[in-house]
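Asks: Here our numbering is used: the first residue of the sequence shown is 2, the next is one more, and so on.
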Amino acid sequence: MLVALRRQTQMMKKNIYVVLFVLLYFLFPISLKAKTNTLIHFKESLDSIFDALQTKNYNDIKSLFASNAKIINFPSGQNDVIIPQLLNVLPIPSAYVLNNVEVEDDNTLIKVDYVVNKKKMTGSFIFGKDHKIIYCDMVSDEKSFSKKLSTIKAVPNGFRTNFLMDNKLIYVKAILNGKEELFLLDSGYSDMILNSDKMDKRDLNFSNSSLYGVGGKGHPVETTRINIFNWGGRIKKCNCEVKAAPLSYLNKDNIELAGIIGYDMIKNSQLTFDYSKYVLKVDFHKDSDKEISENGNLVMKIPFKLKGHLPVFPVEIDGKTYNMGLDTGATTNLMNSKYLSNLNSSLYDMGENKVKGFNGVVHLKKGKISETKIGNISFNEMNYSFNSEVSKQYNVDGVLGYEFLKKYITVVDYKSNEIRLYEGK
2 MLVALRRQTQ MMKKNIYVVL FVLLYFLFPI SLKAKTNTLI HFKESLDSIF
52 DALQTKNYND IKSLFASNAK IINFPSGQND VIIPQLLNVL PIPSAYVLNN
102 VEVEDDNTLI KVDYVVNKKK MTGSFIFGKD HKIIYCDMVS DEKSFSKKLS
152 TIKAVPNGFR TNFLMDNKLI YVKAILNGKE ELFLLDSGYS DMILNSDKMD
202 KRDLNFSNSS LYGVGGKGHP VETTRINIFN WGGRIKKCNC EVKAAPLSYL
252 NKDNIELAGI IGYDMIKNSQ LTFDYSKYVL KVDFHKDSDK EISENGNLVM
302 KIPFKLKGHL PVFPVEIDGK TYNMGLDTGA TTNLMNSKYL SNLNSSLYDM
352 GENKVKGFNG VVHLKKGKIS ETKIGNISFN EMNYSFNSEV SKQYNVDGVL
402 GYEFLKKYIT VVDYKSNEIR LYEGK
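(1) Quick check: residue 90 and residue 146, are their CB atoms within less than 9 Å of each other?
(2) Excluding the five sequence neighbours on either side, which residues of its own chain have a C-beta within less than 8 Å of the C-beta of residue 65, listed in chain order?
(3) Can you give the Cα-Cα distance for residue 331 and residue 298, rounded to whole angstroms?
(4) Give the range of the alpha helix (DSSP H) segment to which residue 164 is assigned.
(5) Leaving out five residues on either side along the sequence, give the residues of the same chain with a beta carbon under 7 Å from the beta carbon of residue 265.
(6) Under 9 Å, do residue 274 and residue 413 count as touching if we go by C-beta distance?
(7) Using the beta-carbon count (16 or more within 10 Å), is residue 79 buried or exposed?
(8) Measure the C-alpha to C-alpha separation of residue 355 and residue 366 and round it to an integer number of angstroms.
(9) Smallest Cα separation from residue 95: which of 55, 110, 83, 199?
(10) Give me whichever residues DSSP pairs with residue 366 in a beta bridge.
(11) Quick check on this structure: which residue in 380, 107, 92, 108 has the alpha carbon closest to the alpha carbon of residue 121?
(12) Run through DSSP, which three-state label would residue 61 get?
(13) Would residue 460 pass as a contact of residue 308 if the rule is Cβ separation under 9 Å?
(14) In this structure, does DSSP put residue 223 in helix, strand or coil?
(15) Check each candidate in 426, 328, 60, 128 and name the one with the smallest Cα separation from residue 313.
(16) When we look at the beta-carbon of residue 373 and count the other beta-carbons within 10 Å, is it buried (16 or more) or exposed?
(17) Which runs of the beta strand (DSSP E) spanning at least 3 residues fall entirely within the region 263-336, listed in chain order?
(18) Which residue wins for smallest C-alpha separation from residue 69, given the options 369, 304, 294, 422?
(19) Here's a check: name, in chain order, each residue in its chain whose Cβ is nearer than 6 Å to the Cβ of residue 242, leaving out the five neighbours to either side.
(20) With burial defined as no fewer than 16 other Cβ atoms inside 10 Å of the residue's Cβ, what is the status of residue 181: buried or exposed?
(21) In angstroms, rounded to a whole number, what distance separates the CA positions of residue 248 and residue 267?
Here it is in structure tokens:
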């Protein structure tokens with residue numbers, strides 16, 4: 002009986018709030034009605050939010066927020082990161098009541114009062130012209146919640162940088178020990194590697210590890226310590242030991258290369274390659290709406306699995322499927338030479354390719370493959386080189402690099418295990 006009475010009371014409260022919204026709607030002038038469309042719609046959104054504060058289920062309210070929404074004082078556009086954490090730290094409130102409605106241009110500010118532990122609190126919501134929430138602040142004026150809010154962790158904002166190209170390799174600038182230096186971006190290497198040719202030999206230490214290039218031969222590496230590495234103000238290494246190897250063969254235009262940025266430095270990010278503009282974007286969370294607005298229509302998503310530090314996905318050539326890895330430092334696509342006999346009908350323009358590496362120049366067979374199919378997209382006339390060591394080094398059938406990356410605006414999302422291709426604008 003008590004339960005039924007409680008439910009009836011709650012229903013009466015909800016009906017009262019609906020009536021209040023309707024009365025306010027008709028009391029406001031016509032111009033306000035036109036701009037807000039209907040306060041009933043906003044109430045439905047607010048109902049869902051207060052329900053989610055009880056269920057702690059973000060998916061129930063995810064669609065209510067604009068992709069670039071500002072949540073309290075956290076960075077914009079991090080709904081998927083911030084809101085689930087916020088739901089978990091906020092206490093369960095009582096039902097809310099409308100406090101105030103203000104309209105300015107296409108935006109509607111709604112303030113509501115609610116009670117937590119017998120204490121009255123105020124929440125603020127701004128709805129945009131599409132009725133999505135662009136700003137939400139439930140507790141920032143309450144000092145008692147500051148400690149809980151401090152536990153919420155946002156991801157850093159991304160950055161964009163222009164890159165230089167030489168021999169189909171990507172060079173970027175970063176700060177090493179307080180000085181701007183030139184680095185090669187190459188996810189084919191697992192770690193950061195500094196150029197030992199550029200260093201005082203007294204700063205180098207013996208190491209038992211080796212690096213392997215295209216030729217398959219190992220080259221011994223040394224180690225050294227760095228004070229600070231800073232790329233874009235977001236990717237950093239401080240007071241640590243890194244690998245060092247002779248990299249002068251990669252110098253660009255008489256500028257000494259400082260080192261290589263490998264997979265370990267980018268594994269928590271997503272990289273967007275735009276070869277038409279020589280622009281590289283580094284982001285730390287996925288924002289589909291932003292990607293489409295900047296890069297044009299989405300052409301395809303390619304899910305991948307990580308093998309070591311390489312994204313690996315299936316590729317079809319001449320009706321056969323091969324597991325290929327993605328290497329941002331591969332100047333040409335590489336494939337195991339044992340598959341040459343399978344490619345007779347699609348391989349043409351054969352020749353020899355000279356590739357410089359740790360152990361000097363390596364001579365490889367090369368050719369064009371008429372069609373490489375990935376998902377429902379055909380990549381025509383891509384250049385390939387053939388080497389028997391590629392499978393040993395990476396445990397894959399081959400590697401795609403520049404020839405693949407240049408075709409579209411390509412997003413390599415290491416956190417979502419997904420490659421996204423955009424047609425550009």
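For glycine and all other residues, C-beta sits at the position ideal for the given N, C-alpha and C. Since this is a predicted model, take the numbers as computed values, not measurements.
Replies: Result, derived from the coordinates:
(1) Sequence index remark: in the sequence shown, residue 90 carries index 89 (1-based). Sequence index remark: in the sequence shown, residue 146 carries index 145 (1-based). A contact, by the Cβ cut-off of 9 Å.
(2) Mapped onto the sequence shown, residue 65 falls at position 64. Here residue 65 has 46, 49, 50, 133, 134 as same chain residues with Cβ atoms under 8 Å from its own Cβ, once five neighbours each way along the sequence are excluded.
(3) For this step, residue 331 is matched to residue 330 along the sequence shown. For this step, residue 298 is matched to residue 297 along the sequence shown. Whole-angstrom Cα-Cα distance: 27 Å.
(4) As a position in the sequence shown, residue 164 is number 163, starting the count at 1. Here residue 164 belongs to no alpha helix (DSSP H), and DSSP marks it neither H nor E.
(5) The residue labelled residue 265 in the question sits at position 264 within the sequence shown. The beta carbon of residue 265 sits closer than 7 Å to those of 191, 192, 193, all from its chain and outside the five residues before and after it, given in chain order.
(6) Counting from one through the sequence shown, the residue named residue 274 turns up at place 273. Counting from one through the sequence shown, the residue named residue 413 turns up at place 412. With contacts defined by Cβ atoms closer than 9 Å, residue 274 and residue 413 form a contacting pair.
(7) The sequence position of residue 79 within the sequence shown is 78, counting from 1. Flag for residue 79 reads buried.
(8) Start at 1 with the first residue of the sequence shown, and residue 355 comes out as number 354. Start at 1 with the first residue of the sequence shown, and residue 366 comes out as number 365. Those two C-alpha atoms are separated by around 9 Å.
(9) Reading the sequence shown from its first residue, position 94 is the one you call residue 95. When only C-alpha atoms are compared, the closest one is 55.
(10) On the sequence shown, residue 366 is found 365 positions in, with the first residue counted as 1. DSSP links residue 366 through a beta bridge to 353, 387.
(11) Counting from 1 along the sequence shown, the entry for residue 121 is found at position 120. When only C-alpha atoms are compared, the closest one is 92.
(12) As a position in the sequence shown, residue 61 is number 60, starting the count at 1. Three-state DSSP puts residue 61 in a helix.
(13) This structure does not reach residue 460, given that the chain is present from 2 up to 426, and the question cannot be answered.
(14) What you label residue 223 is simply residue 222 of the sequence shown in a count that begins at 1. Strand.
(15) Your numbering for residue 313 matches position 312 in the sequence shown. Ranking the options by Cα distance to residue 313, first place goes to 328.
(16) As a position in the sequence shown, residue 373 is number 372, starting the count at 1. Classification of residue 373: buried, given that the 10 Å Cβ count is 16 or more.
(17) Within the region 263-336, complete beta strand (DSSP E) segments of at least 3 residues are found at 271-275, 280-284, 299-304, 306-308, 311-318, 321-327, 334-336, given in chain order.
(18) Against the sequence shown, residue 69 aligns to sequence position 68. Here the closest residue by C-alpha is 294.
(19) Counting from one through the sequence shown, the residue named residue 242 turns up at place 241. So the qualifying residues of the chain are 224, 226.
(20) On the sequence shown, position 180 is the one that residue 181 refers to. Residue environment: residue 181 is assigned as exposed (fewer than 16 neighbouring CB atoms within 10 Å of its CB, all protein chains considered).
(21) On the sequence shown, position 247 is the one that residue 248 refers to. On the sequence shown, position 266 is the one that residue 267 refers to. Rounded to whole angstroms, residue 248 to residue 267 spans 20 Å at the Cα level.
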